[in-house]
DNA sequence: AGGAACGTTGACAGCGCTACCAGCAACGAC
DNA sequence: GTCGTTGCTGGTAGCGCTGTCAACGTTCCT
């Protein structure tokens, strides 16, 4: 076969075009916008490409078209289960599309985020997914100046850069506390670790609910900047008990902490929920099979990632969503650990997936 | 400023060269191999680049140089904690290097893996990290023909494609069973989910250890292809109990299953370890704080990812490791759930990080 | 019948960078 | 003094693809 090849031995578009008997540019169009070709040429190019095993050279395409087909994703952690669910959604949505994901880890540092953002933007990504709404002023300016669609994920708030998908951590925490009030609890502790902005907002929600009920005391709050873990949950709970031995419930900023609290209760032979109720956050899988089963606030992490990437890709392709801000809501999943009735599948308290959400206090439950 | 700019408004290498008063090619060299320049020109180019805020165009570089600075990573799951640890190691090691990570999820399908491999290879990655040693014949051929360094991770075996880092799941399972024998257990069940090749090898290890002791029975093994979860652990254990009510220990193929078994024991009021001992696999963080604390086989996942990426980058840069196959070993962390002495921090059984490893049976413990 | 409108195709000219090779000066060996 | 050698620099020629625009044939309208 005297077909001329590139040094690297790879098939080029020109060879496909030659075999199909069309010009290179027509072959090029086939890969970008097949509808623009007549059916005859379309099938010819298609079979030529298949026969030769043609794979487009992305670098050449990016150079010629002045844009890449890369979606940049900035998340604060790779360890956290929460983000692996979100990521899975993002990857699932990107699969089958022509976009590839470029992931970077900010390690919960907004300065690091700013640095990575600058790096990403320099490569002209097709779109960007960033975590949260607490960027530096500089980052914010770069995002606003970026000429690609952007989705902020994990939470919602005012002034989206572009699109936004998440839920209100504040409202979710309030709903969790409302549920505990509803079950007759009054002296409710808060246990939190890492204290990133979203955890902070959960704390704010807890605090406001407690204040509304005239029950807030600073001593009920135990937090640390240390990364979260099950073991840490036990340790923080131990601190809490030392300060306030007579608490009747604990709201944990995440499920790992809740599991740690549960184990610590077992270690201390504290009956759950009879002596102390436990509520977690995120509703990881194990919450439903712990003994007792653990109440948690369910968040739609996979869906969040998947929808974010889908929205982004649609926007890149020019189909902007009619709703740029999506509230995915949450749901308080009541289980044994907080049920005074000791029933397994109690009613659920939902966060309305709507714009104006002042959920929570007992009366507004469904 | 009459400097000519690209349409996109971005600074090009030519502008940097002009400002520095050198030719573009000299400026180019500055970014790839600064030592080749005279000190005078080096500093001139450096300050010009900084002044203009120059960022190289990766697409153009890739096109011109016929290679990319992308490391492809193929892993079977994004959900599994095990892989998020490995990934974190990979990302940590790649940070600061000039290589970026391109991640793809094979979803435990070797056909999918083959497809993704073809896609990756077409883009001429600088290096590749693939999971496991069970590729399709086709994949294997592609890997061997690839002209970039490759690291296989998660396990070790004969005939590495190139480099390899992991440990023997077979030996690790044997060591876990040896530990249970050592504690006086005889009727040991096996609980496994998903049954990917590595879980299969753990089962093989279990089976061989049991056979060696003349204790193997097929009824002791409960497995499913379903993805793993804590809840599933409870369900599989329930099945196992139905078949063999008088087992005295359970070896779980991973820690989630072990936690599920623990919860199920609690639900059925089976005393752990008095009635049934539990051993998990991976030693996730929560194992140490469960009640009772759970014995597990510790594996160095983060280190595995980090070392894999480091070795790969070194190899790309031409410094091949003297040891292409690295056995990271494992360690049986004995905790309350399998300790007849009910002691918390019992002795640990280590897997030698050596080539020839026939660990395990009670006598060879340290 | 003439012309506009549309759908389809191709020629040309780069995108920004680097591989390759040539050129030049400075230096040492014989 | 001549020749090679080394160290640095620059010119040329693409890498493989796509944006732009012009040109073509066909259809439809007036």
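Residue numbers (the working numbering), protein chains in the order written: chain Z, 1 to 366; chain R, 1001 to 1366. Glycine included, each C-beta is placed from N, C-alpha and C at the ideal position. Remember, predicted model here, so these are calculated numbers, not experimental data.
- Residues of the region 66-90 of chain Z whose Cβ lies closer than 8 Å to any Cβ of chain R, in chain order: 66, 68, 78, 79, 81, 84, 85, 87 and 88.
- Between the region 224-233 of chain Z and the region 253-267 of chain Z there are three or more inter-stretch CB-CB distances shorter than 8 Å, so the stretches are counted as touching.
- Three or more Cβ pairs drawn from the region 298-312 of chain Z and the region 127-135 of chain Z lie within less than 8 Å of each other, which places the two stretches in contact.
- Nearest in C-alpha terms to residue 1076(R), of all of 1028(R), 1094(R) and 1131(R), is 1131(R).
- With a cut-off of 8 Å on Cβ pairs, the region 83-90 of chain Z is not in contact with the region 56-65 of chain Z, counting fewer than three such pairs.
- Beta-carbon to beta-carbon, residue 237(Z) and residue 199(Z) are separated by about 16 Å, too far to satisfy the 8 Å threshold.
- Looking only at 170(Z), 110(Z), 178(Z) and 258(Z), the smallest Cα-Cα distance to residue 291(Z) is reached by 258(Z).
- Per the DSSP secondary-structure output, residue 252(Z) pairs in a beta bridge with 191(Z).
- Of the other Cβ atoms in all chains shown, 16 or more fall within 10 Å of the Cβ of residue 168(Z); this residue is therefore buried.
- Residue pairing for residue 71(Z): DSSP places it in a beta bridge opposite 101(Z) and 127(Z).
- Taking 8 Å as the threshold, the shortest C-beta distance from residue 102(Z) to chain R falls below it.
- Counting only residues of its own chain and dropping the five nearest sequence neighbours on each side, residue 1307(R) has a CB closer than 8 Å to the CB of 1089, 1093, 1165, 1326 and 1328.
- DSSP places residue 1081(R) in the helix class (H, G or I) of the three-state scheme.
- What residue 30(Z) touches in chain R, judged by beta-carbon distance under 7 Å, is nothing: the nearest beta carbon there is about 17 Å away.
- Note on geometry: alpha-carbon atoms of residue 319(Z) and residue 148(Z) lie some 13 Å from one another.
- A direct Cα-to-Cα measurement between residue 109(Z) and residue 1103(R) gives close to 23 Å.
- Of 249(Z), 40(Z) and 95(Z), the smallest CA-CA separation from residue 180(Z) is found for 249(Z).
- With distances taken between CA atoms, residue 65(Z) lies nearest to 28(Z) out of 72(Z), 37(Z) and 28(Z).
- In this structure, DSSP gives residue 1289(R) a state outside helix and strand, which the three-state scheme calls coil.
- Just so you know, the alpha carbons of residue 1287(R) and residue 1301(R) end up roughly 16 Å apart.
- Rounded to whole angstroms, residue 1289(R) and residue 1273(R) show a C-alpha spacing of 15 Å.
- Cβ contact annotation for residue 105(Z) (same chain, cutoff 6 Å, sequence separation greater than five): 78, in chain order.
- Residue-level contact check: residue 285(Z) touches chain R, since one or more beta carbons of chain R fall below 8 Å from its beta carbon.
- Residue 1100(R) is classed as buried because its beta carbon has at least 16 other beta carbons within 10 Å across all chains shown.
- Counted as a single uninterrupted DSSP element, the beta strand (DSSP E) harbouring residue 330(Z) occupies residues 330-333.
- A direct Cα-to-Cα measurement between residue 154(Z) and residue 81(Z) gives close to 13 Å.
- Among the bridge pairs identified by DSSP, residue 277(Z) is matched with 249(Z).
- Nearest to residue 1072(R) by alpha-carbon distance, out of 1042(R), 1119(R) and 1204(R), is 1119(R).
- Below the 8 Å Cβ cutoff, chain Z contributes no neighbours of residue 1236(R), its closest Cβ being approximately 12 Å away.
- Residue 1266(R) reaches chain Z at 291, counting residues in chain order whose Cβ is nearer than 7 Å.
- Assigned with DSSP and collapsed to three states, residue 1154(R) falls in coil, not helix or strand.
- Not a single CB atom of chain Z sits nearer than 8 Å to the CB of residue 1139(R).
- Residues of chain Z with a Cβ closer than 9 Å to the Cβ of residue 1229(R) are, in chain order, 285, 286 and 289.
- Annotation: residue 1295(R) to residue 116(Z) spans about 40 Å, alpha carbon to alpha carbon.
- Residue 1263(R) reaches chain Z at 289, 290 and 291, counting residues in chain order whose Cβ is nearer than 7 Å.
- Residue 1247(R) and residue 1209(R) have their C-alpha atoms spaced approximately 16 Å apart.
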